[in-house]
Structure formats: structure tokens, C-alpha cells
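Since the structure comes first, as C-alpha cells, the remarks are kept for the end.
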Amino acid sequence: QDKMYIPLISKGFQHQFWQAVKAGADKAAADLGVEVTFEGPDSETQVDRQIDMLAAALAKKPAAIGFAALDSQAALPLLQQAKDAKIPVVAFDSGVEGDIPVSTASTNNIAAAALAADKMAELIGDEGKVALVVHDQTSRTGIDRRDGFVNRMKEAHPKVEIVAIEYGEGDHLKSTEITKAILQANPDLKGMFGANEGSAIGVVNGAKELGRQLVIIGYDSGAQQKQAIRDGQMAGAITQNPVGIGYKTVEAAVKAAKGEAVEKNIDTGFYYYDKTNIDQPDIAAVLYD
Amino acid sequence: MSATASTGIVSMGSKFSGAHRLLAFASLIALILVFSLASPNFMQTSNIIAILQATSVNGVLAIAATLVIITGGIDLSVGTLMTFCAVIAGVVLTFWGMPLGFGVLAAILAGAASGTLSGTFVAKLKIPPFIATLGMMLILKGLSLVISGTRPIYFNGTPGFTQISQGSLIGSVFPALPIPNGVLILFLVAIATSFILERTILGRFTFALGSNEEAVRLSGVNTDRWKIAVYALAGSICGIAGLLISSRLNSAQPALGQGYELDAIAAVVIGGTSLSGGRGTIIGTLIGALIISVLANGLRILSVAQEWQTVVTGSIIILAVYTDILRRRRL
Amino acid sequence: MSATASTGIVSMGSKFSGAHRLLAFASLIALILVFSLASPNFMQTSNIIAILQATSVNGVLAIAATLVIITGGIDLSVGTLMTFCAVIAGVVLTFWGMPLGFGVLAAILAGAASGTLSGTFVAKLKIPPFIATLGMMLILKGLSLVISGTRPIYFNGTPGFTQISQGSLIGSVFPALPIPNGVLILFLVAIATSFILERTILGRFTFALGSNEEAVRLSGVNTDRWKIAVYALAGSICGIAGLLISSRLNSAQPALGQGYELDAIAAVVIGGTSLSGGRGTIIGTLIGALIISVLANGLRILSVAQEWQTVVTGSIIILAVYTDILRRRRL
Amino acid sequence: MTALVAMKDIEKSFPGVRALHNAQLDLRAGEVHALMGENGAGKSTMMKILAGIYRRDGGEILLDGKPVEINSPRQAQDLGIGIIHQELNLMPHLTAAQNMFIGREPRKAAGLLLDEARLNADAAEIFASMHLKLDPRTLIDGLTIARQQMVEIAKALSYRSRVLIMDEPTAALNDAEINELFAIIARLKAEGVGIVYISHKMDELKRIADRVTVMRDGEYIGTVPAADTPVEKIISMMVGRALTEERPDLPDHANSDVVLKVKNLNRGAAIRNVGFSVRKGEILGFAGLMGAGRTEVARAIFGADRRDSGDIFMHGRKVDIRMPQDAVRAGIGYLSEDRKHFGLATGMDVRNNVVLASLRRFAGPGGLLREAAMHDAASRYIDQLAIKTPSDRQEVRLLSGGNQQKIVIAKWLLRDCEVLIFDEPTRGIDVGAKNEIYKLLNALARQGRAIIVISSELPEVLRLSHRIAVMCEGRLTGILPGGASQEEIMHLATLRGEGANQNNQPAKGDAK
Ligand SMILES: Nc1ncnc2c1ncn2[C@@H]1O[C@H](COP(=O)(O)OP(=O)(O)OP(=O)(O)O)[C@@H](O)[C@H]1O
Ligand SMILES: Nc1ncnc2c1ncn2[C@@H]1O[C@H](COP(=O)(O)OP(=O)(O)OP(=O)(O)O)[C@@H](O)[C@H]1O
Ligand SMILES: O[C@@H]1[C@H](O)[C@H](O)CO[C@H]1O
Ligand SMILES: [Mg+2]
Ligand SMILES: [Mg+2]
């Protein structure tokens with residue numbers, strides 16, 4: 019065997035976020051001289067499809083596996099199988115519950131969304147109506163970002179009222195229509211939070227099409243979101259460090275495969291960015307197009 | 019064959035097609051009424067326009083699907099073909115920097131080419147339409163990702179591009195009616211397709227193929243060629259949908275599209291077109307598409323919890339079609 | 019009507035149905051051969067088992083869909099019904115803490131009940147199957163979310179539950195063959211359904227309804243009742259699928275399911291069952307489902323880039339069906 | 002004696018059509034009661050009411066003198082009323098036996114399982130009683146219309162009904178099968194079954210009918226004894242006037258140009274080395290028993306089926322026909338014997354079916370259709386062929402069987418081909434209209450068309466044909482001159498074996 023092989027099974031594939039993770043993984047692969055593949059189901063609901071991908075990855079007898087579980091419990095038997103076969107598992111994105119992963123490179127989505135809530139409250143004067151467009155009602159990231167935002171508002175900003183939470187599958191067009199209906203139903207809405215890239219762009223589009231001014235906070239990056247922030251249509255957004263997640267995941271996997279010690283938790287961090295800091299090098303480094 | 023059971027009903031409907039067409043609006047009108055009464059925010063110009071605009075992409079896709087369904091086929095590729103055409107427009111306009119007109123042309127031609135291919139699979143190779151267009155759906159989905167480099171393609175270099183869907187020609191003439199071009203295009207496509215279906219030889223063969231293809235063939239007609247033509251026309255209409263959606267999002271999103279076929283086909287069937295072919299109208303499809311968007315919009319305006327929205331939408335779709343069936347039976 | 023064109027070919031096929039059935043495996047065998055040659059990791063017990071395991075859920079769903087499709091209908095609700103049944107099992111086992119058997123029964127009964135409802139919509143209210151089951155698909159999707167509280171329900175309180183799919187009865191007898199129960203159940207369901215289709219009156223009516231419903235009705239048969247029975251049987255099979263998937267995931271995932279109907283129907287059609295009804299086999303459907311999972315697994319094993327996997331899958335589905343058509347034509 | 006069935010003052014309307022008005026019929030046990038009338042007179046509608054398929058608008062039905070309500074096919078069956086429908090009602094994907102016993106399958110294992118062996122045995126028994134050589138396990142799909150019709154008859158017999166309605170059972174049958182059917186009818190009669198018999202073949206009346214009831218425009222005209230009522234009288238009751246029969250003219254075409262020439266045509270076992278030619282102005286009849294291969298020959302010439310070998314010449318020039326469109330372009334039209342599957346787009350209206358083969362002619366620039374011209378064309382044939390329809394916008398599916406057949410004819414007349422192949426053109430067509438069609442074919446011939454008529458009715462072949470080609474088992478066994486006798490034809494039609502092959506020699510009487 020010439021090159022070490024490390025498959026990454028993610029939660030998605032086509033979203034820009036996942037493509038950025040993939041880019042980071044590919045970069046690490048090049049730097050470290052290993053072979054990496056990257057795969058994920060079409061939607062974050064398809065728990066069993068992800069399991070099938072994991073099974074195929076195991077069949078290839080990899081040196082290590084990177085895994086972003088849609089549902090940790092569901093993956094347990096296969097993870098156990100990996101452990102039995104002495105294939106180290108590195109968890110990434112929102113992690114894998116349990117003690118199987120040798121390392122976890124993830125974002126704390128709850129804290130990140132709470133930060134978004136704080137920023138929102140600040141920008142609307144700590145009172146008024148806000149709404150959320152979330153990408154998924156049942157996936158870990160969707161739940162964490164929704165709850166992180168909502169709970170933080172309840173606790174720290176009691177005068178902010180959340181009037182609507184809708185889910186748009188991260189589909190730009192659906193999220194646009196959802197936003198327009200929410201704005202229509204709430205003429206006095208002051209702010210909206212879009213919980214991933216597609217949702218955030220949908221919120222921007224919807225507000226623009228209805229000609230409404232409001233405070234929009236997004237999540238993730240992408241060319242359109244960065245542009246919206248520069249243009250002032252979006253107040254700011256949370257970004258994770260997807261490229262870093264991908265890179266660190268592969269890095270940890272390689273180490274673990276070689277039997278070297280790895281950090282149990284790699285916090286890849288999250289950041290709030292807006293017009294003022296978007297071009298700062300440390301922020302620009304974690305944004306993607 | 020299985021269509022026989024329902025023939026009695028359908029035939030009577032067609033006799034009173036004038037009255038029936040009017041009545042087909044009934045479910046739609048009823049929905050609009052209910053929502054208007056339930057929320058003052060529903061019946062507002064801005065919301066009506068929002069609903070129409072939300073209908074535009076699905077409406078155009080549904081019109082494409084209607085054509086294929088009338089021939090007795092099905093087209094599962096409409097959604098990913100739309101995306102593919104959007105990506106092609108992106109390549110021509112953004113990657114190659116060519117002028118707007120070329121992008122528009124390229125999208126429509128890409129649609130026609132893909133439709134021709136699907137049509138050839140179905141007509142010449144006798145592959146069941148479900149399989150041919152399922153295969154095309156996957157192929158086009160993959161190709162969109164490959165061609166775009168799995169990245170959205172933005173149209174910032176072509177400022178006029180967003181006007182295709184978001185500008186308002188009507189609004190520039192009648193400022194009180196700021197109807198976006200996307201909606202205008204939907205209606206123009208509907209009128210043109212309706213015209214083709216009702217008045218031209220292509221339209222006549224579309225129905226004839228769905229009614230009894232073998233009889234048409236034995237009448238000395240080159241059925242393959244006409245069938246391919248129908249798929250090609252449907253494809254080019256998907257190209258228009260591709261332009262509409264990418265203009266609206268100011269980007270070709272290569273990952274989007276799968277799943278859209280179901281909404282499109284649903285609009286067609288809600289609109290009274292029979293999946294066994296030979297029967298259907300564009301106006302019905304338009305109504306079907308409107309029912310879907312009114313429902314989505316209205317339930318959101320009423321702040322119904324999303325999981326319940328789904329339940330209610332499912333129930334109302336069944337109810338709307340049932341009401342339509344009852345009405346036709348009574349005629 | 020449009021089916022007439024193909025009767026010549028198909029009828030000849032059925033003349034040689036023995037040979038043909040054997041040959042229908044050809045595409046599958048070819049795929050397996052290619053993948054085995056291309057990668058040493060493909061042809062391994064563990065991977066074969068992974069493929070079979072991956073087929074089990076889609077296979078069972080496809081069997082359910084086959085029944086409805088043979089009647090000339092379509093069932094878009096198989097995926098969300100599966101989930102709904104899984105959620106019901108979750109409610110009975112986890113929320114109410116009842117013993118395993120009750121959960122199993124509840125899932126299957128929920129499936130049968132939902133199937134009965136769809137069947138009633140189709141048979142009694144004459145709602146086109148596409149619409150009736152589209153409506154049901156949405157209703158069930160919403161209800162699963164409502165009932166589960168939009169959260170997965172875990173079966174940690176019922177340790178035996180994961181055994182339904184993941185245990186291995188066969189393996190406990192023949193340790194060299196650790197075939198998971200999920201796969202065993204798939205084959206049992208296939209055998210039972212095949213038996214019902216070929217040997218019982220319900221099966222006879224399933225084919226008869228799809229072949230010419232009017233003729234059956236004119237023969238004095240209560241077609242409605244039989245049609246409802248077919249949908250109910252299909253529904254209870256979806257209940258089994260619900261048990262399989264939730265046992266495999268040790269959880270009822272309430273949001274999963276939509277989109278699965280397409281894979282199931284694709285397996286049916288790849289397996290040679292005609293969407294116009296009257297014709298179809300369970301063995302064909304099994305082969306269709308296997309083709310889909312072998313393809314997915316093999317392309318992954320070969321580390322084909324995901325966007326290209328889609329393109330290749332689409333092309334091979336078209337090719338496989340075309341090969342089958344050519345072979346039948348030649349016979 | 003009280004009638005077995007009495008239908009009185011029956012009324013029935015469909016949207017835009019009054020199908021029955023004051024219609025009546027009484028049927029005795031052990032009689033064959035012929036129900037006669039032109040196409041669209043309401044015969045089938047009347048019988049569908051008796052069989053529980055349609056609900057009557059008015060009037061009453063008495064069974065054994067007692068009023069009954071018949072609301073479903075099931076109820077009719079329970080009352081002992083069976084029907085053989087005019088249009089076949091079979092499940093093409095099921096076998097003959099499965100079709101016959103649908104809903105009444107013998108069971109085993111406490112009723113849980115189908116007893117397929119007994120099902121097939123029961124069917125085989127009925128086939129045997131009909132002298133029908135048919136494997137009960139054959140799929141309906143693979144059977145010719147004639148054999149499908151025999152299955153329908155077998156199915157009806159299996160019910161052992163007291164009242165048996167036969168709606169044009171012989172339309173698709175040849176003489177041998179008709180004889181078999183009549184023998185069965187005689188047996189049933191002896192058992193006391195009452196039979197309503199609908200047919201447009203006048204010669205059958207004298208052979209089997211006891212009484213005849215005539216309908217016209219949905220109304221009862223009268224009931225007469227079959228034996229001592231002249232056929233002319235019945236016809237005039239049907240059409241409301243006397244019909245004059247035109248004597249066939251047998252012009253000599255020996256010197257006319259050969260328009261169509263077929264050489265060495267082969268297709269599997271169905272067509273073996275068939276060759277013939279047709280001249281300008283000539284009507285060439287094709288006779289033969291069921292399955293002789295006449296339809297196969299026509300379809301092969303027309304390009305509807307592929308052929309293994311064989312050349313087709315038009316005016317001496319070889320034409321390459323691979324698809325029907327090639328044939329039509331070369332000037333050959335083919336009217337199929339199976340109108341429902343191959344002739345009509347039944348879901349479309351009369352107008353569009355009439356113009357279906359000529360649609361391009363009605364398309365202007367941009368493919369725009371000239372509806373007014375289409376309407377004119379359709380109306381012309383509605384008049385000429387007396388097609389009974391409320392308008393040219395009526396869906397073809399809603400017309401009576403005979404009127405549907407006329408539409409297929411109209412389609413090919415409008416297309417105006419040089420060579421026209423008519424396969425069973427008068428199937429299900431009433432006497433009056435038949436006469437019109439014969440006149441029309443003669444007129445077409447006089448205008449210089451070359452015409453091939455395939456017919457299973459010998460009188461029709463004899464009456465129309467200038468020459469008669471006879472086939473047996475895929476071979477052309479001879480070509481007879483127009484005046485040939487029935488015996489000569491039957492001789493050639495049963496000439497089996499290799500010796501019968503004409504081996505591409507011009508058959509007797511064929512133009513040199
Ligand atoms: N379902 C229907 N809807 C509308 N009109 C109908 C329907 N069924 C029959 N008709 C009309 O009723 C009239 C009587 O038709 P019917 O089929 O009883 O005639 P018929 O005497 O059997 O003719 P044929 O000899 O051609 O079979 C015809 O004008 C026909 O077009
Ligand atoms: N679609 C078909 N599939 C299989 N066999 C067929 C089919 N059509 C015809 N045949 C067979 O081909 C042979 C020739 O049939 P064909 O219909 O040409 O005879 P014909 O002389 O026209 O007699 P008919 O009076 O029955 O029309 C018969 O043995 C028939 O059973
Ligand atoms: O963080 C990622 C991205 O936001 C993606 O859009 C959805 O899945 C999450 O895990
Ligand atoms: Mg009749
Ligand atoms: Mg014939």
C-alpha cells in the first residue's frame with residue numbers, strides 16, 4: 019500500500035460549506051501525502067444513506083475515517099466495527115457522541131447561534147419581533163442553531179419576541195418564499211436569522227424582493243453572503259472554519275492512523291463577521307466563496 | 019388500459035368544458051377566500067405578487083411536464099434540467115463573458131438538446147419514459163455539479179440578468195402594477211404552449227400520441243419524430259425555467275433542482291391532466307401550480323407550524339382534486 | 019392505450035419467461051463482474067452483506083410499490099409511510115414502554131391502516147393514485163414530525179429491537195454466513211408477496227385490475243374492495259420497512275422518507291414492471307433494487323467522485339433497461 | 002306463457018343523445034331472439050341496461066313476469082343474465098382461463114389458494130365443448146381478435162345463464178367458428194336458455210333466429226317471426242325504406258397498369274413466400290380461414306411489422322417500406338381489422354380521427370391547423386357514410402361500434418391513397434351502410450384506385466372482388482377470377498402443406 023487512504027463521510031456534499039470542508043481536507047491530503055475521498059448524502063435527513071456510505075468506506079479498509087454523524091446512535095454498530103478493526107475515527111462538524119472518536123473537530127453550534135442572537139438583539143435595540151429561517155427541522159445543526167438562538171433570546175433578551183420559525187431545506191428559492199410569507203404576515207418584523215447559507219441568502223432575497231428593511235443575520239459564508247454584508251443588506255453572519263475543519267480532521271486522522279497521540283477536542287471555532295471585519299486577515303481566512 | 023374506469027367521468031367533463039374550466043378555479047378561489055378571511059395580510063398586492071412570483075418557476079416547469087404527460091409519458095428530469103440550463107447560462111455569461119442574449123439562447127438550446135436526448139431514448143430506444151427521464155435527472159444533476167465545479171455561478175458580470183425575472187416591464191408602463199417579469203414570462207409561456215397544444219399540428223399529435231400511439235403510427239405518422247419534438251419543446255421550456263430561477267437568485271445553484279419534478283407533476287395532475295395521457299390543459303396546470311403556491315403562502319402567513327403545514331397541504335390537495343371530481347361527475 | 023405499442027414485444031417476452039427471467043439478471047451480473055474486477059474490496063463477504071443490508075429497506079419498499087403499480091396505480095407514500103410506521107413503533111415501544119411484539123404489530127397495522135385509506139381514496143373517491151398517495155405522503159410526513167415531536171425516537175429501552183434488522187438468525191446457525199436478519203426479512207417478504215401474487219385470489223385481482231379494470235368490473239367483481247386490499251397489503255409491507263430501517267438506525271428518524279419513493283419505484287421499473295399496470299414480478303423488483311445498491315456501493319468502492327457517481331448511475335440505469343429491452347426483443 | 006324477460010318503454014339518454022325511447026323487447030325461454038337495427042339504433046345500449054351496466058331512465062324490466070331492478074353486472078349475473086359484449090372486455094395480461102373465471106376462481110387449501118389446475122381444466126372442458134383448440138394458459142395478449150372473441154363466448158357459457166345476450170358475437174369470426182357458435186346456440190336453446198342475438202349479418206337470421214325485433218333510432222319498430230318474414234322486409238323495417246342491391250360489375254383489368262406488386266414476402270411462419278399484384282381500378286379480394294395470414298400480409302406490406310424478406314413495387318418501381326409512414330408516402334393505406342387498438346384514438350373526437358392520417362394537409366404555416374377545413378372534411382364523411390354522431394366534436398369512444406368503424410374508413414378515404422388495403426372493412430356495419438361502403442369501394446376502383454379487401458365473409462368477397470386471392474397457413478394458395486364459386490375458394494383455403502406453395506409463380510388468374 020503506497021498511500022494512506024482516509025475517507026471522509028460528511029453530512030452533505032453539495033452545499034458550499036461542505037465543499038469548503040472538502041477543500042480543506044484535500045489540502046491536508048496534499049500536504050500530508052495521503053488519499054482522501056469526501057462523500058455525503060443529498061439531505062441531512064438521510065441517516066440510513068449515510069450509514070451505507072460509511073459501510074462502503076469501511077469495506078475499503080481505510081487507515082482512518084473522518085465522520086460527521088447525522089445521528090451518532092444510528093451509526094453505532096458500524097463505528098464499533100471500525101473500532102474493532104482498529105480503524106480510528108475522527109469526528110468532525112457537529113461531532114459523534116460516545117467514546118469511539120479519537121478526536122473531534124467541530125463547531126459549537128449552540129454557542130455560535132447564541133452569539134447570533136446577541137448580535138441580533140443588539141442591532142434591533144433589544145426588543146421587537148424576529149423570525150428564523152432554518153435549514154432543517156430535525157438535523158443536529160438545524161436543531162442546535164435554532165435552539166441556541168431561541169434559548170439565548172429567552173434568557174438574555176426577554177423583550178425580543180420570536181414570531182416564526184420555518185424550515186427551508188437550505189434551498190435558496192424555498193427560503194426566499196418562506197421569508198416573503200413571514201414578512202407579509204409580520205409587517206413589524208425587525209430582524210431575521212438565516213441558519214445556514216441557503217437560508218441566509220433566501221432571507222436576503224425575500225427582503226429585497228419585498229423591499230423591506232430589516233436586520234438580517236446569516237450563517238456560513240459564500241460569495242453571495244459576503245456581498246450582502248458588504249452591501250449592507252445583511253448585518254453580519256456567523257462563520258465556522260470549514261476549511262480548517264476539513265484540514266484538521268485529516269491531520270488528526272493521519273496522526274491517529276500512525277498511532278500518534280491526538281487532541282481529543284479540536285475546537286475549530288466560530289466567528290461573527292460583518293462589514294467592519296470582513297476583510298481582516300483572520301476572518302477572511304475562514305470565509306469561503 | 020387502467021384509464022378505462024374513469025372514462026365515464028372525464029367524458030362528461032369534456033362536454034361542458036367551458037363551464038368546467040371555470041369551475042376548476044373553484045378550489046383555488048375557495049382557498050384564496052379562506053386565507054383572505056383568516057388573515058388581513060393575505061390579500062395584499064405585495065402578497066399576491068409574491069404568490070405569483072413563487073408560482074413562476076414551478077409553473078413553467080409544470081407546463082413542460084404537462085406536454086410530456088399528455089403524450090402518456092412522464093418527465094422526472096424537469097428540475098435538474100432547469101438547473102443544468104441555468105449552469106449553462108452561467109458558463110456562457112460568467113465564465114465566457116458573452117452578452118446576455120447568448121446566455122438566454124444557450125439555456126434554451128441546452129434544454130432542447132437534453133429534451134431531444136430524452137425523447138430519443140423514449141421514442142427510438144423504447145426506454146420507458148420513467149427510466150429515461152430518471153436517468154437524465156441523475157446525469158444532469160451530476161453534470162451541473164461537474165460543469166460548475168460544485169460552486170454557484172454568479173451573474174454579477176451581466177447586470178441585466180436579474181431583470182429577466184425580477185425586473186418589471188409591466189410596472190415600468192403601469193407603475194401601479196409592479197408585476198415582475200418572471201410572472202409575465204410564466205403567462206407568456208403558458209399562452210404560447212396552450213396555443214401550440216390547441217392550434218398546431220405538434221399539439222394535435224401530442225394528444226394523439228397519448229390517446230393511442232399505435233393508431234397514430236398506423237395512420238402513417240412518424241410518431242418517433244413527433245414524440246422527440248414534444249420532449250424537445252418541454253426541454254426548452256425547462257431552459258426558460260432555468261433562466262427564471264437563476265435570474266431570481268442571481269446565481270446558478272448547481273445543487274438545487276432535484277425534488278422540483280414532484281411539485282411540477284403534482285401541479286399538472288391537480289390541474290386535471292391525466293397521467294395516462296391524451297388529456298390535459300395548460301390552464302389546468304397553471305391553476306394546479308397556483309393552488310400549490312397559494313397553499314404554501316397562506317399557511318405560512320397564518321403561522322401554522324411547519325409540520326402541520328405539511329399535513330394540511332396533503333389533505334387539501336386530496337380534497338381539491340376530490341371536489342373537482344365531484345363537480346365533474348355532477349355535470 | 020399507449021401501452022398497446024409494446025404488447026407485441028412483451029407478449030413474446032412472456033412466452034420465454036423462464037429464459038427471460040434468468041437473463042434479467044444479466045445487467046446485475048455484469049455490474050458485479052465489472053466491480054469485482056475493478057476492486058478487490060468489492061467481492062468480500064462483509065461488502066456483499068453491506069450491499070444486501072443496504073438493499074433491504076429499499077427492496078421491501080419496492081415490493082410494496084410493485085403491488086400498487088401492478089394494479090395500474092402508483093404509490094408515492096411508501097417512503098414517508100415507512101417513517102410513520104417507525105414512529106408509531108417508537109411511540110408504542112419507547113413512549114409507552116410496551117413489549118417488542120406490540121411495537122412490531124403496531125407498525126404493521128399502522129401501515130395497513132394508511133394503505134387502506136389511500137386505497138379508499140383511489141377506489142371509492144376515484145382520486146388518481148398519484149394525487150391520493152402524494153397527499154398521503156405529505157400527511158404522513160407531517161404526522162411523523164408531529165407525533166415524534168420532530169425528534170428521533172430511540173429504542174434504547176427495547177434492546178431486542180436492533181436485532182430485527184441487525185441480528186443474524188442465519189449467522190447463529192451457520193457462523194460462516196452472518197447474514198443480517200434485515201436481509202432475511204427482505205427475502206421472506208419477497209417470497210411471501212410473490213406467493214400472494216401468483217397463487218392467491220388477491221394476487222389474481224392485482225394483475226386483473228391493472229390489465230383492464232373495466233373488464234373486471236363488468237365481470238361482476240367488487241373491484242373497489244380488492245383494490246383497497248392491495249393498497250392495504252402494500253401499506254403493511256411499508257410497515258415492515260419501517261421496522262427494518264428503525265431497527266437498523268436504532269431510532270425512528272421522523273424527517274427521513276421523502277424521496278425514498280423514487281428509489282423504490284425506480285427499482286420496480288428497472289425490474290421490468292410496467293407503470294401502466296397488469297405486468298410485473300417481485301423477483302424483477304428485487305433485481306432492480308440490487309442493481310441500484312450494487313451501483314451505489316461499487317462506485318463508492320471505486321472512489322468515483324460523488325458528482326460523477328450521479329452521472330454514471332443515471333447512465334447505467336438507462337443502459338441496463340435498454341439492454342433488457344434489446345434482449346427481450348431478440349427473443 | 003310469460004316471457005322470460007320483458008323490457009317495456011325503456012328510456013335512456015346520454016348527454017346530447019337520446020339513445021332509447023319507448024324501446025321494448027320480450028324474450029322467451031328457449032328462443033333465439035334477434036335484435037336488429039342500424040348502427041346506433043340503440044341495440045347495445047338496450048342490452049347494457051339488461052345486463053346492469055347502464056341504469057335506465059325510464060320503463061320497466063320484468064323477469065319471469067316480476068319487475069326487477071338491475072343495478073350492477075353482479076346483480077344481472079345473480080339473476081342469470083349473461084352478456085357477450087360487442088367490444089371485447091378482456092384482461093390482456095391474463096390467460097384465457099384466468100379471464101373466463103375472473104372473480105369465480107376455483108380455490109383449494111380451504112379457499113386460501115387458487116386452484117390453477119382446476120381452473121385450466123374447467124376452461125379446457127368448455128373449449129372442448131366448443132371444439133375450440135386453445136390452450137387455456139395462453140395469454141389473451143397473443144391471441145387474434147377472433148380467438149379473443151371465442152374466449153369471450155366461452156366465458157359467457159361458463160356462467161350457465163338463463164338469459165344470454167350476444168352482441169355481434171360473429172363480427173370477428175370466420176365461417177367455421179360461426180358454425181361452431183351456432184351449434185352451441187342450438188344446444189343452449191334446447192336447454193331452455195333465452196338468447197338475445199345481435200348481428201348485422203342478415204343471412205344469420207334465417208339460420209338461427211326464431212323471432213326478430215327491429216329498432217330504429219332508439220325506438221321499437223316491431224317484432225316478427227324470423228322464418229316467414231323476408232329479409233327485405235326486415236331491412237326495410239330497419240332503415241325505413243327498401244334497399245336496392247347493386248349487382249357487382251366485373252370489369253376486365255388485364256390491360257390496366259399494375260400499381261402494387263408484392264414479391265417473395267416472408268415473415269416467420271405467418272407469411273411464406275407470398276407474391277401478387279393489383280392493377281389500377283381493380284379490387285382484389287383476400288379470402289382464407291382465420292389465421293391464414295391475410296392480416297399479416299397486409300401489415301407487412303404496410304410496414305407495420307418487419308418482414309424477413311420480400312420486395313414491394315409501386316408502378317414497377319421498388320419502394321423501401323420500413324414503417325407505415327413509408328407506405329403511406331408511397332401511396333398505400335391500410336385499414337386495420339382491430340379498430341379499438343390500431344384504428345382509432347378513441348379519446349379524441351370524430352373530427353380529429355377522420356383527419357388523423359392527413360393532418361399535415363390541414364397544417365398551414367407554422368404548423369397552424371385549419372380547423373374549419375378539418376370540420377368540412379369530417380362533415381363530408383359524416384354525411385357520406387351516414388355516421389351517427391351528435392357532431393364532429395363527439396368523442397369517438399361514445400359512438401356505437403359500427404359508427405366507429407365508419408370513422409376508420411373515413412380516415413383512409415380522406416387520405417386518398419392509390420392503393421387501399423381494407424382489412425374487414427364492414428365488421429359491425431349495418432346492412433344499409435354496408436351497401437354504401439360497397440358502392441364506395443366500387444366507385445374508388447372506378448376512379449382508378451387499386452384496392453385490396455380482406456374479408457372473412459365469403460359473400461362479401463364474392464360480391465366485391467374482381468379477383469380473389471386465397472390464403473392458407475401463410476401461403477397464397479391461388480388467385481381466382483371474380484366469378485369463382487364458394488367451393489373453389491374453400492378448396493384453396495384448405496390447401497395445406499408445402500405443395501400448396503405457389504413458389505412465386507404467378508397464381509392462376511394473376512395478371513401477367
Ligand atoms: N356512453 C355513451 N355516451 C354517449 N352516447 C352514447 C353512449 N353509448 C351509446 N351512445 C349513443 O347511443 C346511441 C346508441 O348506441 P348503441 O351502441 O346502443 O348502438 P347499436 O345499435 O349497438 O349500434 P351498432 O350496431 O353500431 O353497435 C348511439 O348514437 C351512440 O352514439
Ligand atoms: N399480435 C400477434 N401476436 C402473435 N401472433 C399473432 C398476432 N397476430 C396474428 N398472429 C398469428 O399470426 C397468424 C396469422 O394471423 P392473421 O390475423 O394474419 O390471419 P388472417 O388471415 O388475417 O385471419 P383473421 O381472419 O383472423 O384476421 C395466426 O396464426 C395468428 O394467430
Ligand atoms: O455547518 C454546516 C453547514 O451550515 C451546512 O449548510 C448545513 O450543515 C451544517 O453542518
Ligand atoms: Mg352495438
Ligand atoms: Mg385478419
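Protein chains in written order, with the numbering used here: chain A, 19 to 307; chain B, 19 to 349; chain C, 19 to 349; chain D, 2 to 513.
Where a beta carbon is used, it is the ideal one built from N, C-alpha and C, also for glycine.
Residue i CB to nearest heavy atom of ligand 4 below 7 Å
i     : result
D/K44 : yes
Assigned exposure category for residue i - 16 Cβ within 10 Å defines buried
i      : result
C/V191 : exposed
C/F213 : exposed
C/Q71  : buried
B/A226 : buried
C/V28  : Unreliable placement is indicated for C/V28, whose pLDDT of 31 sits below 50; no coordinate value is reported for it.
D/R188 : exposed
Distance cut-off 7 Å: residue i Cβ against heavy atoms of ligand 1
i      : result
D/G104 : no
D/G344 : no
D/D431 : yes
B/Q327 : no
D/V18  : yes
D/Q87  : yes
D/N404 : yes
D/G59  : no
Any C-beta of chain C under 8 Å from that of residue i
i     : result
A/M22 : no
A/D89 : yes
A/L94 : yes
B/T22 : Per-residue confidence for B/T22 stands at a pLDDT of 32, beneath the threshold of 50, marking its modelled position as unreliable; no derived number is given.
Residue-level contact to chain B via CB, residue i, 8 Å cutoff
i      : result
D/H342 : yes
D/L360 : yes
A/D154 : no
C/F148 : yes
Any C-beta of chain D under 8 Å from that of residue i
i      : result
B/G296 : yes
C/V330 : no
C/L344 : no
The segment 202-209 of chain A contacting the segment 219-236 of chain A, beta-carbon criterion three pairs below 8 Å: yes
Short of 9 Å Cβ to Cβ, which residues in the segment 182-212 of chain B face chain A? Q184 and P198
Note to self: Taking beta-carbon pairs under 9 Å, can you tell me which members of the segment 225-240 of chain A lie near chain B?
What the structure shows: K226, E227, L228, G229 and G240
Review point. Does the pairing of the segment 46-62 of chain A with the segment 118-128 of chain A give three or more beta-carbon distances under 8 Å?
Key: no
> Which of the residues in the segment 155-173 of chain D, read from start to end, lie with their CB under 7 Å from any CB of chain C?
Replying inline: none
Q) Would you say the segment 52-62 of chain B touches the segment 175-192 of chain B, given that touching needs at least three Cβ pairs under 8 Å? A) no
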